[in-house]
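Only one structure is covered here, and it is reproduced in the block below.
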Amino acid sequence: MKYIIVQAGGKGTRLGYLTKNKPKALVPVENLPMLFHLFRKYPDKYFIIIADYKKNVLREYLDAFAEVKYHVVDAQGTGTCAGVGQAIDFIPENQSFMLVWSDLILSEDFCLPKDYQDGANAEYDYTGISRTFSCRWKFENGRFLEESSKEQGVAGLFLFTDKGKLKDVPENGEFVRWLQKKERNFKEVSLAGAREFGLLTEYEKLEPMKCRPFNRISVDGDILTKEALDAQGNRLAERENAWYEKAMRNSVKILPRIYGKSPLRMEYIKGKNIYDCDLNGREKKKVLQKLIEALRGIHQSERILPDFFSMKEAYFHKTMERLAKIGDMVPFAREREIIVNGKKCRNIYFYKHQLEKRLEQLRCNHFCFIHGDCTFSNLMLRENGEPVLIDPRGYFGFTELYGDERYDWAKLYYSIVGNYDRFNLKEFRLEITSQEVFLKISSNNWEDMEDEFFALTGADREEIRLLHAVIWLSLTTYAWQDYDSVCGAFYNGLYYLEDVL
1 MKYIIVQAGG
11 KGTRLGYLTK
21 NKPKALVPVE
31 NLPMLFHLFR
41 KYPDKYFIII
51 ADYKKNVLRE
61 YLDAFAEVKY
71 HVVDAQGTGT
81 CAGVGQAIDF
91 IPENQSFMLV
101 WSDLILSEDF
111 CLPKDYQDGA
121 NAEYDYTGIS
131 RTFSCRWKFE
141 NGRFLEESSK
151 EQGVAGLFLF
161 TDKGKLKDVP
171 ENGEFVRWLQ
181 KKERNFKEVS
191 LAGAREFGLL
201 TEYEKLEPMK
211 CRPFNRISVD
221 GDILTKEALD
231 AQGNRLAERE
241 NAWYEKAMRN
251 SVKILPRIYG
261 KSPLRMEYIK
271 GKNIYDCDLN
281 GREKKKVLQK
291 LIEALRGIHQ
301 SERILPDFFS
311 MKEAYFHKTM
321 ERLAKIGDMV
331 PFAREREIIV
341 NGKKCRNIYF
351 YKHQLEKRLE
361 QLRCNHFCFI
371 HGDCTFSNLM
381 LRENGEPVLI
391 DPRGYFGFTE
401 LYGDERYDWA
411 KLYYSIVGNY
421 DRFNLKEFRL
431 EITSQEVFLK
441 ISSNNWEDME
451 DEFFALTGAD
461 REEIRLLHAV
471 IWLSLTTYAW
481 QDYDSVCGAF
491 YNGLYYLEDV
501 L
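For the record, in the sequence shown the residue sitting at position 430 is 430 according to my numbering, with numbers rising by one throughout.
Next up, the structure:
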């Protein structure tokens, strides 16, 4: 089997705010859009994707981020039959294929029937049976019945020996109801362990993901293991290992214990991320003092000559390269000005040379050993209240381990004032109207420490605010797994940049 048709035309109205700006197929589950779970499971297949609701968003998103062979068809008609007749036109004669709903996430151990595996000739048609979640239709004794069932639920995955089986599928209506009337023979294939996310209540039961889609984290007793899942994850893992080795040689104190690398095995910190700690003003000030003292110790542990080209890469070229990827995807990105939370903001695509010149003024006398990503998400408090630094970045521009210390201060500011960590946990709401944008991010409740932050670091307020805006803009494609996060990071960057450009 080489071909997969994905029915991705649904509005997903039962998912509420999650599908206000994007189609259901792009709602992220465990750091991947639902559709991309299929891409990851079957990277060598040919995908025909049926689009309808927010179809332009889907097309632009796939153009920017999909790394599989795919084609999008615009559905004609309504219901789950819509677009199926168009989609089968792109499947050759006498070729078996899968038809699957976009909100069905298959288990890791799901295997196709033997006659649908590579090199085999498909002999039978199959319908997927849920086993683990309730479905509106059930399949029993060779018949489709409109009765709710979990054990025999029709889960939205079908396998066909050839497209002739669907030659008379209508443009409108419910696909399973049409199959019921056709009275064709189907075998069952178990989808035990598969998950379906059609309801907001089911989606909100998911645990928030605290790692990116290129990493997997597991915990066994007191040991946390971080494994890379792709080439990007491997590159970052090498740099993280190198950073920890340097930090230990430099006697940096607030580190987890490291037990091994490839994969990285480290102490599981018994405590909380700083943004999850309920601290009063005095406690926050004490923690902030310890963090800044620790970071300053890292910065002073080792210095090298500065590299102007690394600064330009880290602050400007990387940002513009990431923005170039989303220019056709983000609403209003081709307008000279965008209204964000009532503020008229200049669009960076039209003012990039002003930003370039402004960033070129950020000269420094030296590079120093830096953490590179000291947000609250990468800072924990042990049960005794002592802070711990985790997840170092390990590079800055073209330079490994060393960089501009202002980058560390700006990343810390990113959590104190920008509330990045809540944004990262998807605790925000984004509303895109026909004329403007509204973005509301939940608070880390550290904004009252802004003046204390500048007093303790001695950093230049305008420089840090400028870098803070740039970091938001640079987040856009780093947070690629969620369309709303891409757009929200872009708009928030413009909002902060407007005051300092």
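Every residue gets a Cβ at the ideal spot worked out from N, C-alpha and C, and that includes glycine.
Just so it is clear, the structure is predicted and the values come from calculations on it, not from any experiment.
Handout entry: Span of the beta strand (DSSP E) around M248
Key = Within the sequence shown, residue 248 is the residue found at index 248, counting from 1. Premise fails: M248 lies in the alpha helix (DSSP H), A231 to R249, not in any beta strand (DSSP E).
Handout entry: When E447, R216 and P306 are compared against G233, the one with the closest alpha-carbon
Key = Position 233 of the sequence shown, counting from 1, holds the residue named residue 233. When only C-alpha atoms are compared, the closest one is R216.
Problem - Secondary structure of V176, DSSP reduced to three states - result: To locate residue 176, count along the sequence shown from 1; it is residue 176. Here V176 sits in helix by DSSP.
Exercise for the section: Output the distance between the C-alpha atoms of T78 and P263, rounded to the nearest integer angstrom. Expected result: Taking the first residue of the sequence shown as 1, we reach residue 78 at position 78. Taking the first residue of the sequence shown as 1, we reach residue 263 at position 263. Approximately 48 Å, taken between the alpha carbons.
Exercise for the section: Starting from C345, trace the beta strand (DSSP E) both ways and give me its first and last residue. Expected result: Along the sequence shown, one-based indexing puts residue 345 at 345. Segment K343 to R346, the beta strand (DSSP E) holding C345.
Exercise for the section: Take the Cβ of G493 as the centre, count every other Cβ of all protein chains shown within 10 Å, and call the residue buried at 16 or more, exposed below. Expected result: Against the sequence shown, residue 493 aligns to sequence position 493. Result: buried.
Handout entry: Buried versus exposed, by CB contacts within 10 Å (16 or more), M248
Key = Indexing the sequence shown from 1 puts residue 248 at position 248. M248 is exposed by the Cβ-count criterion.
Problem - Backbone secondary structure at D52 - three-state DSSP - result: By 1-based counting over the sequence shown, the position of residue 52 is 52. Residue state, collapsed to three classes: strand.
Handout entry: Residue nearest to D373 in terms of C-alpha spacing, selected from R40, L389 and E383
Key = Along the sequence shown, one-based indexing puts residue 373 at 373. Selected option, being the one with the closest Cα: L389.
Practice task
Pull up the distance between the alpha-carbon of T375 and that of W178, whole angstroms please.
Solution key: Here residue 375 corresponds to residue number 375 of the sequence shown, with the count starting at 1. Here residue 178 corresponds to residue number 178 of the sequence shown, with the count starting at 1. The straight-line gap from Cα to Cα measures roughly 53 Å.
Practice task
With a 10 Å radius around its C-beta and 16 neighbouring C-beta atoms as the bar for buried, classify I274 as buried or exposed.
Solution key: Working through the sequence shown from its first residue, we reach residue 274 at position 274. I274 should be labelled buried.
Practice task
Ignore the nearest five residues each way along the sequence and tell me which others in D125's own chain have a CB closer than 8 Å to its CB.
Solution key: Indexing the sequence shown from 1 puts residue 125 at position 125. Same-chain partners within the cutoff: F158, L159, F160, T161, K165, R184, N185, F186 and K187.
Exercise for the section: Classify R406 as helix, strand or coil using the three-state DSSP reduction. Expected result: Along the sequence shown, read from residue 1 onward, the residue named residue 406 stands at position 406. Correct three-state label for R406: helix.
Problem - Spatial distance of T13 from P387 (CA atoms) - result: Residue mapping note: residue 13 aligns to position 13 of the sequence shown, counting from 1. Residue mapping note: residue 387 aligns to position 387 of the sequence shown, counting from 1. The straight-line gap from Cα to Cα measures roughly 43 Å.
Practice task
Could you check which residue in A231, L501 and I4 has the C-alpha nearest to that of H353?
Solution key: Stepping through the sequence shown from its first residue, residue 353 is reached at position 353. If we check each option's Cα against that of H353, L501 comes out closest.
Practice task
Could you check which residue in V252, E267, S251 and N250 has the C-alpha nearest to that of I258?
Solution key: Here residue 258 is taken as the residue at index 258 of the sequence shown, counted from 1. I258 has its Cα closest to that of E267, out of V252, E267, S251 and N250.
Exercise for the section: Assign Q7 to one of three DSSP states: helix, strand, or coil. Expected result: Residue 7 sits at position 7 when you count from the first residue of the sequence shown. Q7 sits in a strand when the DSSP states are folded into three classes.
Problem - R336 versus F350, I326 and D328, residue with shortest Cα-Cα distance - result: One-based indexing of the sequence shown puts residue 336 at position 336. The shortest Cα separation from R336 among F350, I326 and D328 belongs to F350.
Handout entry: Coarse secondary structure for F350, derived from DSSP in three states
Key = Sequence index remark: in the sequence shown, residue 350 carries index 350 (1-based). The answer is coil: DSSP assigns F350 none of H, G, I, E or B.
Handout entry: Reference Q289; option with closest CA among D63, R59, F454 and K11
Key = Here residue 289 refers to the residue found at position 289 of the sequence shown. Out of D63, R59, F454 and K11, F454 has the C-alpha closest to the C-alpha of Q289.
Practice task
Measure the C-alpha to C-alpha separation of G119 and V252 and round it to an integer number of angstroms.
Solution key: In the sequence shown, residue 119 corresponds to position 119, counting from 1. In the sequence shown, residue 252 corresponds to position 252, counting from 1. Whole-angstrom Cα-Cα distance: 56 Å.
Exercise for the section: Given a cut-off of 9 Å, decide if L381 and K272 are closer than it, judged by their beta-carbon atoms. Expected result: As a first step, residue 272 must be located in the sequence shown, where it is residue number 272. As a first step, residue 381 must be located in the sequence shown, where it is residue number 381. Yes, the Cβ-Cβ distance between K272 and L381 is below 9 Å.
Problem - Secondary structure, alpha helix (DSSP H): runs of 4+ residues fully inside the region 10-93 - result: For secondary structure counted as the alpha helix (DSSP H) over 4 or more consecutive residues, the region 10-93 holds these complete runs in sequence order: 34-41, 55-65 and 84-87.
Problem - Bridge-paired residues (DSSP) for D451 - result: The residue you call residue 451 lines up with position 451 of the sequence shown. D451 pairs with nothing; no bridge assigned.
Problem - Contact check, C135 vs E196, beta carbons under 9 Å - result: Translated into positions along the sequence shown, residue 135 becomes position 135. Translated into positions along the sequence shown, residue 196 becomes position 196. Yes.
Exercise for the section: Consult DSSP for K226 and reduce its assignment to one of helix, strand or coil. Expected result: Working through the sequence shown from its first residue, we reach residue 226 at position 226. Of the three classes helix, strand and coil, the one that applies to K226 here is strand, per DSSP.
Practice task
Can you tell me which of the three DSSP states W101 falls into?
Solution key: Counting from one through the sequence shown, the residue named residue 101 turns up at place 101. Looking at W101 - three-state DSSP - the assignment turns out to be strand.
Handout entry: D278, buried or exposed, once every other Cβ within 10 Å from all chains shown has been counted against 16
Key = The residue labelled residue 278 in the question sits at position 278 within the sequence shown. Result: exposed.
Problem - Strand pairing of V437, partner residues [DSSP] - result: The count along the sequence shown starts at 1 and reaches residue 437 at position 437. Per DSSP, V340 and I432.
Handout entry: Nearest neighbour of S102, chosen from L255, D52, K138 and E146 [CA to CA]
Key = One-based indexing of the sequence shown puts residue 102 at position 102. Closest option to S102, Cα to Cα, is D52.
Practice task
Assuming K69 contacts Y46 (C-beta within less than 8 Å), just tell me the rounded distance between them.
Solution key: For this step, residue 69 is matched to residue 69 along the sequence shown. For this step, residue 46 is matched to residue 46 along the sequence shown. Sure, about 5 Å apart at Cβ, within 8 Å.
Exercise for the section: May I have a chain-ordered list of the alpha helix (DSSP H) segments no shorter than 4 residues that lie completely inside the region 370-422? Expected result: For the region 370-422, whole alpha helix (DSSP H) runs of length 4 or above, ordered along the chain, are 405-416.
Problem - Coil, strand or helix - G271 by DSSP - result: Position 271 of the sequence shown, counting from 1, holds the residue named residue 271. Reduced to three states, the DSSP call for G271 is strand.
Handout entry: Beta carbon of V189 nearer than 9 Å to that of W137
Key = Counting from 1 along the sequence shown, the entry for residue 189 is found at position 189. Counting from 1 along the sequence shown, the entry for residue 137 is found at position 137. No. Outside cutoff.
Problem - Under 9 Å between C-beta atoms of L439 and E431 - result: For the purposes of this step, residue 439 is taken as residue 439 along the sequence shown, with counting starting at 1. For the purposes of this step, residue 431 is taken as residue 431 along the sequence shown, with counting starting at 1. Yes; because the gap between Cβ atoms is below 9 Å, this pair is in contact.
Exercise for the section: Please confirm if the region 467-474 is in contact with the region 407-427, defined as three or more CB-CB distances below 8 Å between the two stretches. Expected result: yes
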